[in-house]
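Undergrad: Once you've had a glance at the structure underneath, I'll fire off some questions.
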Amino acid sequence: MARLQLFILSALLLLTLSTATDDDFFPAAVKKPATYNPGNRATKALLDALEDDYSAFLFFLKRAGLDKELPDLLSKYSVTIFAPTNDAFKALDRDTKKKVKEDKVLLRELMMLHITKGKKTFARLLEQKKDHQYSSPAAMGQANLVKRSEEYDEPMIISAKRGKNTATVEDADVFVSKLVSVQGIDEVILPRSFQRPYKNLTLMESMDRVK
């Protein structure tokens with residue numbers, strides 16, 4: 030009788046093992062680990078670096094919602110960010126400040142102009158010949174022209190307004206990592222026009238369109 034019971038228990042155990050699925054052995058957290066996004070760490074380090082001297086740029090970056098889009102962007106692209114100083118934002122005229130404050134879509138366009146595809150350190154910017162300019166593809170499809178002047182070694186960042194609004198690199202290599210280079214500039218780069226319509230693309234969609 031005891032042997033029969035042992036036989037039945039053994040048979041039931043074998044049946045249980047044979048019908049068990051992976052879910053019975055491996056918890057979901059172990060079986061399907063969260064996907065690692067290298068952009069998360071890069072974004073945190075970037076935002077931390079902007080907290081003090083570039084707090085205005087950081088504020089508007091967050092107000093535009095771009096801080097939440099940076100992790101995905103940095104998982105695919107490296108970028109150079111031309112960050113205006115706090116004084117540069119204070120120097121904006123009243124009308125521009127009013128428009129940026131009231132229109133979040135316009136603010137996104139304004140901030141995207143300062144994010145360009147491909148990481149370039151200050152030394153890389155200086156490699157070009159004096160008085161020679163090249164196109165630095167920015168988000169929103171408006172290329173900024175980077176020019177090294179005859180008089181100074183600092184590269185000039187020329188906005189899409191073709192010379193009506195220029196900014197000089199004032200603080201080189203504010204932050205440099207594997208994926209990001211931040212160059213501090215003395216003026217806010219303004220969009221070509223404050224007239225609608227705006228494209229209202231995500232940061233990734235905009236950068237994907239950049240050649």
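Quick note, in our numbering, the sequence shown goes up one by one and the last residue is 240.
Using N, Cα and C, we set each Cβ at its ideal position, and we do this for glycine too.
Bear in mind that the values here come from a model prediction, so they are computed numbers and not experimental data.
DSSP puts M140 in a beta bridge; with which residues?
TA: Partner(s): none; M140 has no beta bridge.
Undergrad: Look up Q212 in the DSSP assignment and give the residues it is bridged to.
TA: F111
Undergrad: Compare the Cα-Cα distances from I144 to each of S104, D237 and I110 and report the closest residue.
TA: Minimum Cα-Cα distance from I144 among the listed residues S104, D237 and I110 corresponds to I110.
Undergrad: For N115, which option in D132, P184, D101 and D200 has the closest C-alpha, if you only look at C-alpha atoms?
TA: D200
Undergrad: Given a threshold of 16 other Cβ atoms within 10 Å of its Cβ, counted over all protein chains shown, does N173 qualify as buried or as exposed?
TA: buried
Undergrad: Give the straight-line distance between the Cα atoms of A120 and E131, rounded to the nearest whole angstrom.
TA: Spanning the alpha carbons of A120 and E131 requires a straight line of approximately 18 angstroms.
Undergrad: If you draw a straight line from the alpha carbon of P137 to that of F89, how long is it in whole angstroms?
TA: First, the residue type needs correcting, since residue 137 is Arg and not Pro in the sequence shown. Roughly 9 angstroms between the two C-alpha positions.
Undergrad: DSSP state of T197, grouped into three classes?
TA: strand
Undergrad: For K73, name the three-state secondary structure that DSSP assigns.
TA: Helix, per DSSP.
Undergrad: How would you label E156, buried or exposed, when you count the other beta carbons within 10 angstroms and need 16 or more for buried?
TA: With a 10 Å radius around the Cβ and a threshold of 16 neighbouring Cβ atoms, E156 comes out exposed.
Undergrad: Which whole-angstrom value is the C-beta distance of A93 and K133, which I expect to be below 8 angstroms?
TA: 7 angstroms
Undergrad: In terms of alpha-carbon separation, which member of D77, D237 and N69 lies closest to F204?
TA: D77
Undergrad: Are the Cβ atoms of V209 and P113 separated by less than 8 angstroms?
TA: P113 is positioned such that its CB atom lies no closer than 8 angstroms to that of V209.
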